[in-house]
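A.B. asks: Below you will find the structure I want to go over with you.
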Amino acid sequence: MGMRKVAVVGAGMTRFVRRALETPKELAYEAAKMALDSCELKLKDVDGVVVGSAVDAFDGFHMKGEYLSDGAGGWRKPFIRHSVGGATGVFSCIHGWMHVASGLFDVCLVLAEEKMSPCQPHPQGAFLTVYDAILERPLGLNLTWIVPQEMNLYMIRNGYRSEDVARVAVKNKRNALDHPAAMMGEELTVQDVVNSEVISWPVHRLDISGTADGATAVVLASEEVAKRITNKPVWVDGVGYNLDTWYWTSRDLAYPVYVEKAARMAYEMAGIKEPQKEIHIAEPYDPFTFKELQNLEALLLADQGKAAQLLAERVFDRDGRMPVCPSGGLLGVGNPIAAAALMKVAEVFWQLRGEAGKRQVPGNPKTGLAQAWGDMMQAGTVVILKI
Amino acid sequence: MLYEAASKAYQNAGLEPKDIDGFVNAGEDWTEGHSIADEITPDQLGAVKRPVFTVNGDAMQALISAAMHILTGQMNICLVASYSKASNIKSLANITVMAMDPVFNRPLEENPYFIAGLEMNRYLYETGTTREQCAQVVVKNKKNALWNPSAGHGISLSKEQVLDSPMISYPLSSLDISPHSDGAIVIILAAAERAKALCQKPIWIEGMGWCSDSPSLEKRAWGEAVYTQIAAEMAYKMAGISYPRKEIDLAEVSDEFSYKELQHLEALKLCRKGEAGFLVEEGALGISGELAVNPSGGCLGVGSLLDATGAQKVLEVALQLRGEAGQRQVPNAGVGLAQSWRGIPTTSGAVLILSNR
Amino acid sequence: MSLLERISKNIQLRSWEGEFPVQYLYTFGVAGERFFRQIKENAKILGARCPQCQITFVPPSLYCERCFERTEDWVEVGHKGEVYTFTVCYRGMDGLPKNPPSVLALVKMLGAEGGFVHRIGEIDPQEIKIGMKVEAVFKPQAQRKGSILDIQYFRPAEK
Amino acid sequence: MDKSVQLKGTAIRESDIKEGKVLSTQWVPKAQYAWDTGVAIGRFLEELKGGKIIGMKCARCRRIMIPPRMFCELCYQPCREWVYLQDWGTVRSFCVSHLRWDASRMKDPFLPSVIELEGSTKGMGFFHLTGEIDPKDMKIGLKVKAVWKDARERTGAITDIRYFKPV
Numbered sequence: 001m002g003m004r005k006v007a008v009v010g011a012g013m014t015r016f017v018r019r020a021l022e023t024p025k026e027l028a029y030e031a032a033k034m035a036l037d038s039c040e041l042k043l044k045d046v047d048g049v050v051v052g053s054a055v056d057a058f059d060g061f062h063m064k065g066e067y068l069s070d071g072a073g074g075w076r077k078p079f080i081r082h083s084v085g086g087a088t089g090v091f092s093c094i095h096g097w098m099h100v101a102s103g104l105f106d107v108c109l110v111l112a113e114e115k116m117s118p119c120q121p122h123p124q125g126a127f128l129t130v131y132d133a134i135l136e137r138p139l140g141l142n143l144t145w146i147v148p149q150e151m152n153l154y155m156i157r158n159g160y161r162s163e164d165v166a167r168v169a170v171k172n173k174r175n176a177l178d179h180p181a182a183m184m185g186e187e188l189t190v191q192d193v194v195n196s197e198v199i200s201w202p203v204h205r206l207d208i209s210g211t212a213d214g215a216t217a218v219v220l221a222s223e224e225v226a227k228r229i230t231n232k233p234v235w236v237d238g239v240g241y242n243l244d245t246w247y248w249t250s251r252d253l254a255y256p257v258y259v260e261k262a263a264r265m266a267y268e269m270a271g272i273k274e275p276q277k278e279i280h281i282a283e284p285y286d287p288f289t290f291k292e293l294q295n296l297e298a299l300l301l302a303d304q305g306k307a308a309q310l311l312a313e314r315v316f317d318r319d320g321r322m323p324v325c326p327s328g329g330l331l332g333v334g335n336p337i338a339a340a341a342l343m344k345v346a347e348v349f350w351q352l353r354g355e356a357g358k359r360q361v362p363g364n365p366k367t368g369l370a371q372a373w374g375d376m377m378q379a380g381t382v383v384i385l386k387i
Numbered sequence: 001m002l003y004e005a006a007s008k009a010y011q012n013a014g015l016e017p018k019d020i021d022g023f024v025n026a027g028e029d030w031t032e033g034h035s036i037a038d039e040i041t042p043d044q045l046g047a048v049k050r051p052v053f054t055v056n057g058d059a060m061q062a063l064i065s066a067a068m069h070i071l072t073g074q075m076n077i078c079l080v081a082s083y084s085k086a087s088n089i090k091s092l093a094n095i096t097v098m099a100m101d102p103v104f105n106r107p108l109e110e111n112p113y114f115i116a117g118l119e120m121n122r123y124l125y126e127t128g129t130t131r132e133q134c135a136q137v138v139v140k141n142k143k144n145a146l147w148n149p150s151a152g153h154g155i156s157l158s159k160e161q162v163l164d165s166p167m168i169s170y171p172l173s174s175l176d177i178s179p180h181s182d183g184a185i186v187i188i189l190a191a192a193e194r195a196k197a198l199c200q201k202p203i204w205i206e207g208m209g210w211c212s213d214s215p216s217l218e219k220r221a222w223g224e225a226v227y228t229q230i231a232a233e234m235a236y237k238m239a240g241i242s243y244p245r246k247e248i249d250l251a252e253v254s255d256e257f258s259y260k261e262l263q264h265l266e267a268l269k270l271c272r273k274g275e276a277g278f279l280v281e282e283g284a285l286g287i288s289g290e291l292a293v294n295p296s297g298g299c300l301g302v303g304s305l306l307d308a309t310g311a312q313k314v315l316e317v318a319l320q321l322r323g324e325a326g327q328r329q330v331p332n333a334g335v336g337l338a339q340s341w342r343g344i345p346t347t348s349g350a351v352l353i354l355s356n357r
Numbered sequence: 001m002s003l004l005e006r007i008s009k010n011i012q013l014r015s016w017e018g019e020f021p022v023q024y025l026y027t028f029g030v031a032g033e034r035f036f037r038q039i040k041e042n043a044k045i046l047g048a049r050c051p052q053c054q055i056t057f058v059p060p061s062l063y064c065e066r067c068f069e070r071t072e073d074w075v076e077v078g079h080k081g082e083v084y085t086f087t088v089c090y091r092g093m094d095g096l097p098k099n100p101p102s103v104l105a106l107v108k109m110l111g112a113e114g115g116f117v118h119r120i121g122e123i124d125p126q127e128i129k130i131g132m133k134v135e136a137v138f139k140p141q142a143q144r145k146g147s148i149l150d151i152q153y154f155r156p157a158e159k
Numbered sequence: 001m002d003k004s005v006q007l008k009g010t011a012i013r014e015s016d017i018k019e020g021k022v023l024s025t026q027w028v029p030k031a032q033y034a035w036d037t038g039v040a041i042g043r044f045l046e047e048l049k050g051g052k053i054i055g056m057k058c059a060r061c062r063r064i065m066i067p068p069r070m071f072c073e074l075c076y077q078p079c080r081e082w083v084y085l086q087d088w089g090t091v092r093s094f095c096v097s098h099l100r101w102d103a104s105r106m107k108d109p110f111l112p113s114v115i116e117l118e119g120s121t122k123g124m125g126f127f128h129l130t131g132e133i134d135p136k137d138m139k140i141g142l143k144v145k146a147v148w149k150d151a152r153e154r155t156g157a158i159t160d161i162r163y164f165k166p167v
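And the structure:
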């Protein structure tokens, strides 16, 4: 029994907003409905449903997946939820791929949803619950205390200045101006970013993506179904995921080797030998500016220490040699964790099909990559799509 | 705890962590007191810098995900891990209530056991099953647990003791409810060729199914476990089983509450609707009965292991099919069924059909 | 292979206490907002109808969970329903006995799919039966704030 | 999907909720836990009470690990060789954070740091705060030493060390 081919055949999403009136179920429904409509399928055509949602503490649901199931289209269907923290969104596509590639299902609806706004006084508070209850929480550890540690070390090791990484925000927020879901699209200069207030040195306010509410869905289908319902199936050519140790203080904070391992797993499956030549567009994870560059290097899409230079040379612009985050990414579109990462998969899908409208990159890209990063700065998930 | 369980699984399979292609963990954040509880597991499993992910669901759903991954051909050997640290939660009722709808259900501020009360009442009403028959399930399972060295809640009880135990949420009394336990279970799956090479007595997954009914308390089915019915249909179809009652030798089903065992047996088509109560009364569900159900002692006897419960069910069926169940061995067991339910307030369950042929 | 050192004296057992120090503010959603506005302002209970399945759902949702069509027609379903199942709950959230116990039921609204999980009042717990007709008792308008608790309880319906 | 597509999703403001324009309900969870410390962290906390920092050595790869653990996650071997570490070390990474965990802004910034304690294997970090230093003087490679609470105030918690200060 060989591996079955799996295609993305439809995608949908909600707007990303700071605070949505919609309940998580309703957000899920809107994204799922749009994805199904986009490929003219009905709920009865769906064999199984996969849901990704990152952190239950954001919206205060225990067993969040159970709550979401009907909005995600899981009524009386096989339904599973998974999470790998921030890496959940891209993993959703991988989990859905398993459903179809295993031969168990022909059509799988994949949904990622996050509603962060219910958390009071601020969604940041929920991050406290991510850390070690005994050794870290009593010190008040939070995201703005640890991610900058990575950024600091990463910049020092590679000799990057604040301006070098700030360009990521400028590019992505500009790209986002053309995205209908975006809440943080803006025309900025490098100086604007560098001059924005320091949240946690070396992180400035404009280096960070914003918490948000939103949902994204994609529909996966087996080769037989995909060829029947669309003339532009986008194939899931490679998947990879990897998790590093829980002891974050003993990891190499400057280089996410787990992302590299996830990428190599996906490249091997897709038969990709020279990623820098064979990948045409990329949507690496960009919750913070430096992460885009760091992830590009770990994905082997840029040599170590070279990403900032390529960025400055406009290689990663929408009309550059390798467009990176043409969607606008998390920095531009917004960051409802799991939904934002699955949005990256959806963006690659639209770009490869030539359906990205004003965001469309030139040159008919054939192969694209989406990546996310998560858990406690330790998880990498990678999907390679091909048309 | 998980490290020890994983070490034993590796030893039992004659493997080392480096032989494993992928790892799947089952668990929920709020029962850990930890957001993204996923992040803690690689170390315990020897899975640092390896493919690991978490299913926020029952361990049986995690196992199904691992099995699917093997079926894709990308992986040969996968490890499934799950554990319960129920003892560390000081306020389980307050956690369970957060699985309910915040707008429609939480404001009532009632102990979530009321959901089991509502469901039991409707089940008894629709099927004519009695509280006495449910009590008999408790007696049977707690007795089975006496033969299970891993079970913490084995005891010899009379039906009357169950019936007379304090009422929690009518018609559910305190002994109808499974106590919680701590524990860790690790299961290793391998593709057919690898399994044959590795293991003298591999247990084969013949069928798998899983399903969720409407999560809404207002719109779900109450009398029947529809989620299990649909999951079972899927699993039977895959396993080529047409007459479950004849073809299955033993079953481990979720008995989080006494009536659930009976309701699940009916949904699994192991008996007709309304019949399960009589079967337990007649002793047909005992270890040497016509159909052994929960020979391990079930949740009532072993203790509910939160999301690891499904793994306990699979483990018991595997031990029984290997003939390694010691004093509680079911004679001539060839095909077994394991079923799980995620507990109140959910309507999610999974079914696995296992065989030793 | 097992651990080489264990806690052998219970006095060495240590645990660390803690909790999740956050709270939540929920909006009711597109459908919920409309539903609770009517409850709050007009003591009316609305259901949403699926154009495909022809089922009226209470509580109303934006979509039909069965076929995924968007629900469009909203209809008033009245105040009367039927006890589909009930329970008498003797324990509070803390697990301790509760006096008096609460009588809770799933009330299915007549002519609709679904209804309310709510308290039953003005009744002796011994008297309640599956199939019994009940009606919603609303709080006075001034006290209603847009909540499931704007309905005080359901009570046996007058014939 | 072009820019012109009208996506669903209704943005509201916090003030809409406060002013009652949008209905809402509040929930305060009572999620309380008593996490078992386990053997390794139990001993570690006990030693902090005595003013000492203890780590664990893996017999196979010889790493001296902090925080201590009962098994080496890389060798997958049980460990039992306890090793005391110095209460001083080198800053391996840090940041200057103006935010508290609940996102409220602080005038005096925190200096969360990853510190490589003397006696532990290179690459092993220990997370704590740095203090008594002008944030501008913070740098990677700085030598810092633990500032302990008074022995009587120590409870066997990570906060028994107030912070680390430059040597």
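Residue numbers (my numbering), protein chains in the order written: chain L, 1 to 387; chain C, 1 to 357; chain A, 1 to 159; chain H, 1 to 167. All residues carry an ideal CB built from backbone N, CA and C; glycine is no exception. In this text the structure is predicted, and so the values were computed from the model without any measurement.
Identify which residue in A:Glu158, A:His79, A:Glu122, A:Gly29 has its Cα closest to the Cα of Phe116 (chain A).
C.D. replies: As a first step, residue 116 (chain A) must be located in the third sequence, where it is residue number 116. Residue A:His79 is the option with its Cα nearest to Phe116 (chain A).
A.B. asks: Can you check which of these residues, C:Ser296, C:Gly310, C:Leu321, C:Gln320, is closest to Val137 (chain C) by C-alpha distance?
C.D. replies: Translated into positions along the second sequence, residue 137 (chain C) becomes position 137. Here the closest residue by C-alpha is C:Ser296.
A.B. asks: How many Å lie between Ile230 (chain C) and Tyr125 (chain C) at the Cα?
C.D. replies: Here the question's residue 230 (chain C) lines up with position 230 in the second sequence. Here the question's residue 125 (chain C) lines up with position 125 in the second sequence. Roughly 22 Å separates the two Cα atoms.
A.B. asks: Using 8 Å for Cβ pairs, my map puts Gly207 (chain C) next to Ile70 (chain C). What's the rounded Cβ distance?
C.D. replies: Residue numbering aside, residue 207 (chain C) sits at position 207 when the second sequence is read from its first letter. Residue numbering aside, residue 70 (chain C) sits at position 70 when the second sequence is read from its first letter. Contact flag wrong, Cβ pair sits at about 15 Å.
A.B. asks: Please name the residue or residues paired with Leu242 (chain L) in a DSSP beta bridge.
C.D. replies: Taking the first sequence and counting its residues from 1, one reaches residue 242 (chain L) at position 242. In the sequence on display, residue 242 (chain L) carries Asn and not Leu. Per DSSP, L:Gly380.
A.B. asks: Helix, strand or coil for Cys78 (chain C), going by three-state DSSP, please let me know.
C.D. replies: Working through the second sequence from its first residue, we reach residue 78 (chain C) at position 78. In this structure, Cys78 (chain C) counts as strand in the three-state DSSP scheme.
A.B. asks: Drop a sphere of 10 angstroms on the beta-carbon of Thr346 (chain C), count the other beta-carbons inside from all chains shown, and report buried for 16 or more, exposed for fewer.
C.D. replies: Position 346 of the second sequence holds residue 346 (chain C). Buried.
A.B. asks: Pull up the distance between the alpha-carbon of Met98 (chain L) and that of Lys77 (chain L), whole angstroms please.
C.D. replies: Taking the first residue of the first sequence as 1, we reach residue 98 (chain L) at position 98. Taking the first residue of the first sequence as 1, we reach residue 77 (chain L) at position 77. Whole-angstrom Cα-Cα distance: 16 Å.
A.B. asks: Could you check how far apart the C-beta atoms of Glu33 (chain A) and Leu23 (chain H) are, in whole angstroms? I think they sit under 8 Å.
C.D. replies: Stepping through the third sequence from its first residue, residue 33 (chain A) is reached at position 33. Stepping through the fourth sequence from its first residue, residue 23 (chain H) is reached at position 23. About 6 Å; that satisfies the 8 Å criterion.
A.B. asks: Quick check: what's the CA-CA separation for Ala340 (chain L) versus Val9 (chain L)?
C.D. replies: For the purposes of this step, residue 340 (chain L) is taken as residue 340 along the first sequence, with counting starting at 1. For the purposes of this step, residue 9 (chain L) is taken as residue 9 along the first sequence, with counting starting at 1. Distance between the alpha carbons of Ala340 (chain L) and Val9 (chain L) is about 19 Å.
A.B. asks: So, at 8 Å on beta carbons, what are the nonlocal neighbours of Met1 (chain L) in its own chain, with the 5 sequence-adjacent residues on each side left out?
C.D. replies: Position 1 of the first sequence, counted from the start, is the residue given in the question as residue 1 (chain L). Confidence at Met1 (chain L) is low in this model, with a pLDDT of 47, below 50, so its placement is unreliable and the value that follows should be read with caution. Gly103.
A.B. asks: Among residues of its own chain, excluding the 5 on either side of Gly159 (chain L), which ones have a beta-carbon nearer than 8 Å to its beta-carbon?
C.D. replies: Translated into the one-based positions of the first sequence, residue 159 (chain L) becomes position 159. Once the five neighbours on either side are set aside, the close Cβ partners of Gly159 (chain L) are Gly305.
A.B. asks: Determine whether the Cβ of Gln54 (chain A) lies closer than 8 Å to any Cβ atom of chain L.
C.D. replies: Counting from 1 along the third sequence, the entry for residue 54 (chain A) is found at position 54. By this cut-off, Gln54 (chain A) is not an interface position.
A.B. asks: Take Pro140 (chain A) as the anchor and find which of A:Asn99, A:Phe20, A:Lys44 has the nearest alpha-carbon.
C.D. replies: Here residue 140 (chain A) refers to the residue found at position 140 of the third sequence. The candidate whose alpha carbon is nearest that of Pro140 (chain A) is A:Lys44.
A.B. asks: So which residues on chain H does Thr144 (chain L) lean against when the C-beta distance must stay under 7 Å?
C.D. replies: As a position in the first sequence, residue 144 (chain L) is number 144, starting the count at 1. Residues of chain H passing the Cβ test: Ser97, Leu99.
A.B. asks: To the nearest angstrom, how far is the alpha carbon of Leu253 (chain L) from that of Ala11 (chain H)?
C.D. replies: Residue 253 (chain L) sits at position 253 when you count from the first residue of the first sequence. Residue 11 (chain H) sits at position 11 when you count from the first residue of the fourth sequence. Computed Cα separation, rounded: 37 Å.
A.B. asks: For a test of the three-state rule: what should DSSP assign to Glu274 (chain L), helix, strand or coil?
C.D. replies: As a working mapping, residue 274 (chain L) is identified with position 274 in the first sequence. In this structure, Glu274 (chain L) counts as coil in the three-state DSSP scheme.
A.B. asks: Buried or exposed: where does Glu347 (chain L) fall if 16 or more other Cβ atoms within 10 Å of its Cβ makes it buried?
C.D. replies: Counting from 1 along the first sequence, the entry for residue 347 (chain L) is found at position 347. By the neighbour-count rule (16 or more Cβ atoms within 10 Å), Glu347 (chain L) is buried.
A.B. asks: Output the residue ranges of the alpha helix (DSSP H) runs that lie fully inside the segment 221–270 of chain C and measure 4 residues or longer, sorted by chain position.
C.D. replies: Runs found: 226–239, 244–247, 258–267.
A.B. asks: Give the straight-line distance between the Cα atoms of Tyr76 (chain H) and Ile40 (chain C), rounded to the nearest whole angstrom.
C.D. replies: If you number the fourth sequence from 1, residue 76 (chain H) lands on position 76. If you number the second sequence from 1, residue 40 (chain C) lands on position 40. Approximately 15 Å, taken between the alpha carbons.
A.B. asks: Can you tell me whether Glu126 (chain C) is helix, strand or coil according to DSSP?
C.D. replies: Walking along the second sequence from the start, residue 126 (chain C) turns up at place 126. Here Glu126 (chain C) sits in helix by DSSP.
A.B. asks: Who are the neighbours of Val226 (chain C) on chain L, taking C-beta pairs under 7 Å?
C.D. replies: As a working mapping, residue 226 (chain C) is identified with position 226 in the second sequence. The contacting residues are Arg76.
A.B. asks: Give me the chain C residues within the contact set of Thr245 (chain L), using Cβ-Cβ distance strictly less than 7 Å, ordered along the chain.
C.D. replies: Position 245 of the first sequence, counted from the start, is the residue given in the question as residue 245 (chain L). The answer, in chain order, is Pro42, Asp43, Val48.
A.B. asks: Comparing C-alpha positions only, which one of C:Trp204, C:Pro42, C:Asp19 sits nearest to Leu247 (chain L)?
C.D. replies: Within the first sequence, numbered from 1, the residue matching residue 247 (chain L) stands at position 247. Checking the sequence, you will find Tyr at residue 247 (chain L) rather than Leu. Here the closest residue by C-alpha is C:Pro42.
A.B. asks: If we call anything under 8 Å between Cβ atoms a contact, is Val333 (chain L) one with Glu292 (chain L)?
C.D. replies: For this step, residue 333 (chain L) is matched to residue 333 along the first sequence. For this step, residue 292 (chain L) is matched to residue 292 along the first sequence. No.
A.B. asks: What is the DSSP secondary structure of Met255 (chain L), reduced to helix, strand or coil?
C.D. replies: As a first step, residue 255 (chain L) must be located in the first sequence, where it is residue number 255. Reading the sequence as shown, one finds Tyr at residue 255 (chain L) and not Met. Tyr255 (chain L) falls in the coil class under three-state DSSP.
A.B. asks: Is Val28 (chain H) buried or exposed, if buried means 16 or more other CB atoms sit within 10 Å of its CB?
C.D. replies: Within the fourth sequence, numbered from 1, the residue matching residue 28 (chain H) stands at position 28. The residue is exposed, with fewer than 16 neighbouring Cβ atoms inside 10 Å.
A.B. asks: Can you look up Glu187 (chain L) in the DSSP assignment and give me helix, strand or coil?
C.D. replies: Along the first sequence, read from residue 1 onward, the residue named residue 187 (chain L) stands at position 187. Glu187 (chain L) falls in the coil class under three-state DSSP.
A.B. asks: Looking only at DSSP bridge pairs, what is Leu25 (chain A) linked to?
C.D. replies: The residue labelled residue 25 (chain A) in the question sits at position 25 within the third sequence. Answer is H:Gln26, bridged to Leu25 (chain A).
A.B. asks: With a cut-off of 8 Å, does the C-beta of Ile89 (chain C) fall near any C-beta of chain H?
C.D. replies: The residue labelled residue 89 (chain C) in the question sits at position 89 within the second sequence. Yes, Ile89 (chain C) lies at the interface with chain H (some Cβ there is under 8 Å from its Cβ).
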